[in-house]
Amino acid sequence: MSAPLEDSFGRVHTYLRVSVTDRCNYRCVYCMPEEGLTWMPREDILGFEEIARLVRIMARMGISKVRITGGEPTLRTDIIKLVEALRAIDGIEDIAMTTNGHTLAKLAKPLADAGLNRVNVSIDTLDPAHFGRLTRGGKLDRVLAGIVAARVAGLVPIKLNAVILEGENNDQIFDLVDYCAADAADTELRFIEYMPFEERKFKSVPAEVLRETLRKRYTLEALSPPGRRDGPATHVRLKQNGLKLGFISPLSEHFCASCNRLRLMTDGHLRTCLAHDDTPSLRDLMRAGLTDSQLEEEIRAMVMGKPSGHDCQITGGTLFEGVMTSIGG
Ligand code: SAM
Ligand code: SF4
């Protein structure tokens, strides 16, 4: 084991998100333009051996949790091999995936067999037509079948991610709660604030407004002590049905001071902060022939240069840089 991945503000990093593809079969209104994006050429995308190599190096520096994301990670043809490769790395204790669920009915079992521990599935409404509009072509029945399959395969607890947008789906909050409450024992519903990348297309709903809405029907029992967080989310449990809710509120309740995460982007850039695009590509350094210990030094220097945080607010402040799909959320 080498020294932990600490930055200049004393934050120690144990969690890595890996965006394994920028491609997606959906076009969610808050994530991608309607016409899609120009996909990265395949040779620019990290190969699965390259991802595994970087994760192995970072595991020696204390990364123990990996989340596979994208784009839509299940579109990668070698996704099962990748999960197997990550599972074999010493020090990696937890492997999770964030997916739109479209192909999960078929893939949940092979993914679990390969060593995936858990999934987060994104679902912003339970109305099939509305779902089709928000995802620009997504199929709600497939996602719901995927969630069932994930539960059967033991990919639990399942976290369902909902991005709530003012005037778009803020009428869906109680339907989502009711749906999740039916399996409260192994489900967490997470409300994620919309983050504006490059332009502000929607109005984010602040976490406190969501909690106020929920209090009209439920008693919210705080699970995160004031000022303390379990990762980026603050948690409550609904007294009436036992459902755990998470609020991820990067705009209305900044959590930069306790950020323990790094993001390996599709093209090998290491994003030390979700909002800022500021490091050279590890892919290029690897392909230029750097050894593992040289790469370790580079990664350490990048983490040391991590900014203190971002300045994006519910209204105003700076915007997030780059494209969500190659960063991975
Ligand atoms: N395709 C997968 C999915 O949708 O779950 C994984 C990638 S997606 C980029 C990861 C997460 O980011 C999803 O839960 C999605 O809802 C969320 N997301 C995408 N764009 C966002 C934005 N502008 N603000 C907040 N969350 C966003
Ligand atoms: Fe695709 Fe996920 Fe972005 Fe939706 S949020 S467009 S499913 S990457």
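Residue numbers (the numbering used here): 27 to 355.
All C-beta atoms in this analysis are idealised placements derived from N, C-alpha and C, irrespective of residue type, glycine included.
Bear in mind that the values here come from a model prediction, so they are computed numbers and not experimental data.
Your pair A171 and A131 checks out as a contact, with CB atoms roughly 4 Å apart and the cut at 8 Å.
Membership of H156 in the alpha helix (DSSP H) is indicated by the continuous run P154 to L160. Annotated three-state conformation of Y244 is coil, per DSSP. At least one heavy atom of the ligand SAM sits closer than 6 Å to the Cβ of Y56. Of G141, L137 and R241, the smallest CA-CA separation from I118 is found for G141. With a cutoff of 7 Å on beta-carbon distance, C54 and M350 are scored as not near each other. As DSSP reads the structure, H336 sits in no beta bridge. In this structure, the alpha-carbon of I106 lies about 28 Å from that of I218.
Only buried fits M221, as 16 or more other CB atoms lie within 10 angstroms of its CB. Assigned with DSSP and collapsed to three states, R93 falls in strand. For the pair K332 and C282, the CB atoms are not nearer than the 7 Å cut-off. The residue from T40, A301, D293 and P232 with its alpha-carbon nearest to that of I121 is T40. In this structure, L215 places its C-beta atom within 7 Å of the C-beta atom of L186.
The stretch 147 to 157 and the stretch 196 to 212 touch, with three or more beta-carbon pairs separated by less than 8 Å. Here Q198 has D150, T151, L152, D153, H156, A188 and I190 as same chain residues with Cβ atoms under 8 Å from its own Cβ, once five neighbours each way along the sequence are excluded. Linking E60 to I77 through their CA atoms gives a straight-line distance of about 30 Å. Under DSSP, D197 forms no beta bridge with any residue. Relative to the non-hydrogen atoms of the ligand SF4, the Cβ of E219 never comes closer than 6 Å to any of them. 7 Å or more divides the Cβ of L72 from the Cβ of T100. Within the stretch 172 to 244, the runs of alpha helix (DSSP H) that reach at least 4 residues and sit entirely inside it are, in chain order, 199 to 207 and 233 to 241.
Just measuring C-alpha positions, the residue of G355, A327 and S334 sitting nearest A29 is A327. In terms of side-chain proximity, the C-beta atom of M123 is found no nearer than 6 Å to any non-hydrogen atom of the ligand SAM. Around the beta carbon of P136, fewer than 16 other beta carbons lie within 10 angstroms, which makes this residue exposed.
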